[in-house]
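Residue numbering for the sequence shown follows numbering that gives the first Met the number 0, starting at 0 and increasing by one per position.
Idealized CB from N, CA, C, for every residue including glycine.
All of these numbers come straight from a predicted model, not from anything done at the bench.
Input: a single structure, listed below in structure tokens.
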Amino acid sequence: MFRPCIDLRGGKVVQIVGGTLSEDATAVRTNFVSERPAAWFAELYKRDGLTGGHVIMLGPGNEAEARAALAAYRGGLQIGGGVNVDNARDWLEVGASHVIVTSWVFREGKVDWARLAELVKFIGKERLVLDLSCRIRGGEYFVVTDRWQKFTDVILSADTLEKFAASCAEFLIHAVDVEGLCRGIDGELVSKLGQWSPIPVTYAGGANSLVDLETVALLGQGKVHLTIGSALDIFGGDGVRYTDAVAFNHKSR
Numbered sequence: 000m001f002r003p004c005i006d007l008r009g010g011k012v013v014q015i016v017g018g019t020l021s022e023d024a025t026a027v028r029t030n031f032v033s034e035r036p037a038a039w040f041a042e043l044y045k046r047d048g049l050t051g052g053h054v055i056m057l058g059p060g061n062e063a064e065a066r067a068a069l070a071a072y073r074g075g076l077q078i079g080g081g082v083n084v085d086n087a088r089d090w091l092e093v094g095a096s097h098v099i100v101t102s103w104v105f106r107e108g109k110v111d112w113a114r115l116a117e118l119v120k121f122i123g124k125e126r127l128v129l130d131l132s133c134r135i136r137g138g139e140y141f142v143v144t145d146r147w148q149k150f151t152d153v154i155l156s157a158d159t160l161e162k163f164a165a166s167c168a169e170f171l172i173h174a175v176d177v178e179g180l181c182r183g184i185d186g187e188l189v190s191k192l193g194q195w196s197p198i199p200v201t202y203a204g205g206a207n208s209l210v211d212l213e214t215v216a217l218l219g220q221g222k223v224h225l226t227i228g229s230a231l232d233i234f235g236g237d238g239v240r241y242t243d244a245v246a247f248n249h250k251s252r
């Protein structure tokens, strides 16, 4: 299924090349900056009955736009970016269906299981999505954090996903090496996620045609959903028409 997104940077809806995200603003490659507010996209997704989408805050200065999007589509969007045990419940109360957490449960490149357990106890695993976005090193998919620049010691595998699945409802996994490049999905990763994950996964990275939706549905064995960003016409792309992606979901149902 197609799952929509709203990526926010500097208070604007954007699409970026994921691998260039860093503290150095001049190094970030941006594919698209919208003049429309986040709530416009949220209202569009609500109108078309799209579920499982997410709002990601890429750095500071995005909270107002994120809150507006969640208010426009209460219960229809997940929220990620700087989420921790102190603010998770607040985001749920203002309309997020789930909170997405990554860096807060990883410290110094390792999983902080105590922090994860604390968060699960606080909001419940059914409202938690774990972001296990990854990059390839030595032929393995390593989870990366801190703007996708810091490698952890966690390698994606059937055992890894089984263990994390006990603490969350879904996974969000960006294939960072192909994110924003519109050169096609990482089919090998999608296939592995379909084999390994016992819970739903939203995959993002590289999608550039409607065929990618069909491929993810097949390789992901019905468990992997696809976020399309830079290739989508509503984000300035020319690879996929938003209306076609919506129609794919209606047909699939």
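My output table needs one value for Glu169: the three-state DSSP class, helix, strand or coil.
For the purposes of this step, residue 169 is taken as the residue at position 170 of the sequence shown. Glu169: strand per DSSP, three-state reduction.
What are the uninterrupted segments assigned as beta strand (DSSP E) that are 3 or more residues long and contained completely in the segment 152 to 234, given in chain order?
Complete beta strand (DSSP E) runs here, min 3: 169 to 173, 200 to 203 and 223 to 226.
For a test of the three-state rule: what should DSSP assign to Val104, helix, strand or coil?
For the purposes of this step, residue 104 is identified with residue 105 of the sequence shown, where counting begins at 1. Under the three-state reduction of DSSP, Val104 is assigned to helix.
Beta-carbon proximity check, Val223 vs Val215, cutoff 7 Å
Locating residue 223 in the sequence shown gives position 224, counting from the first residue. Locating residue 215 in the sequence shown gives position 216, counting from the first residue. Result yes, Cβ atoms of Val223 and Val215 sit closer than 7 Å.
Pick from Ala164, Val84, Arg88 and Ala65 that is closest to Arg8, judged by C-alpha positions
In the sequence shown, residue 8 corresponds to position 9, counting from 1. Restricting attention to Ala164, Val84, Arg88 and Ala65, the CA atom closest to the CA of Arg8 is found in Ala65.
Just to confirm my understanding: we take Ser166, look at its own chain, exclude 5 residues before and 5 after, and list those with CB closer than 6 Å. What are they?
Translated into positions along the sequence shown, residue 166 becomes position 167. Result list for Ser166: Leu115, Val119 and Lys124, in chain order.
Per-residue DSSP class, three states only, for His308
Since the first and last residues shown for the chain are 0 and 252, residue 308 lies out of range.
In its own chain, which residues sit with a C-beta less than 6 Å from the C-beta of Ala164, not counting the 5 before and 5 after it?
Residue 164 sits at position 165 when you count from the first residue of the sequence shown. Correct list, in chain order: Pro197 and Ile198.
With DSSP collapsed to three states, give me the class of Thr19.
Residue numbering aside, residue 19 sits at position 20 when the sequence shown is read from its first letter. For Thr19, the pLDDT reaches just 49, beneath the cut-off of 50, and the residue's location in the model is therefore unreliable, leaving the point undetermined.
Same chain, Cβ closer than 8 Å to Thr151, five either side skipped, listed in chain order:
Counted from its first residue, the sequence shown places residue 151 at position 152. Cβ-Cβ distances below 8 Å link Thr151 to Phe105, Gly108, Lys109, Val110, Phe141, Val142, Val143 and Thr144 in the same chain, with the five nearest sequence neighbours on each side left out; the list follows chain order.
How about Leu255 and Thr201: do their beta carbons lie closer than 7 Å?
Because residue 255 is not part of the residues shown, which for the chain are 0 to 252, the question remains open.
Classify Val93 as helix, strand or coil using the three-state DSSP reduction.
Counted from its first residue, the sequence shown places residue 93 at position 94. Coil at Val93, not helix or strand.
Flag this pair as yes or no: are the beta carbons of Glu169 and Val128 separated by less than 7 Å?
Taking the first residue of the sequence shown as 1, we reach residue 169 at position 170. Taking the first residue of the sequence shown as 1, we reach residue 128 at position 129. It is a contact, given that the beta carbons lie within the stated cut-off.
Measuring straight from C-alpha to C-alpha, what distance separates Thr226 and Phe1?
On the sequence shown, residue 226 is found 227 positions in, with the first residue counted as 1. On the sequence shown, residue 1 is found 2 positions in, with the first residue counted as 1. Cα-Cα distance, rounded: 6 Å.
For Gly79, does the count of other Cβ atoms within 10 angstroms reach 16, so buried, or fall short, so exposed?
Taking the first residue of the sequence shown as position 1, residue 79 is located at position 80. Counting Cβ neighbours within 10 Å, Gly79 comes out buried, since at least 16 surround it.
Around the C-beta of Gly94, are 16 or more other C-beta atoms found within 10 angstroms, so that it is buried, or is it exposed?
Counting from 1 along the sequence shown, the entry for residue 94 is found at position 95. Counting Cβ neighbours within 10 Å, Gly94 comes out buried, since at least 16 surround it.
At a cut of 8 Å, does the segment 83 to 91 reach the segment 46 to 57 through at least three beta carbon pairs?
Not touching, per the Cβ criterion.
Just reading off the alpha helix (DSSP H) that Tyr44 is part of, what are its end residues?
Walking along the sequence shown from the start, residue 44 turns up at place 45. From DSSP, the alpha helix (DSSP H) with Tyr44 extends over Ala37 to Arg46.
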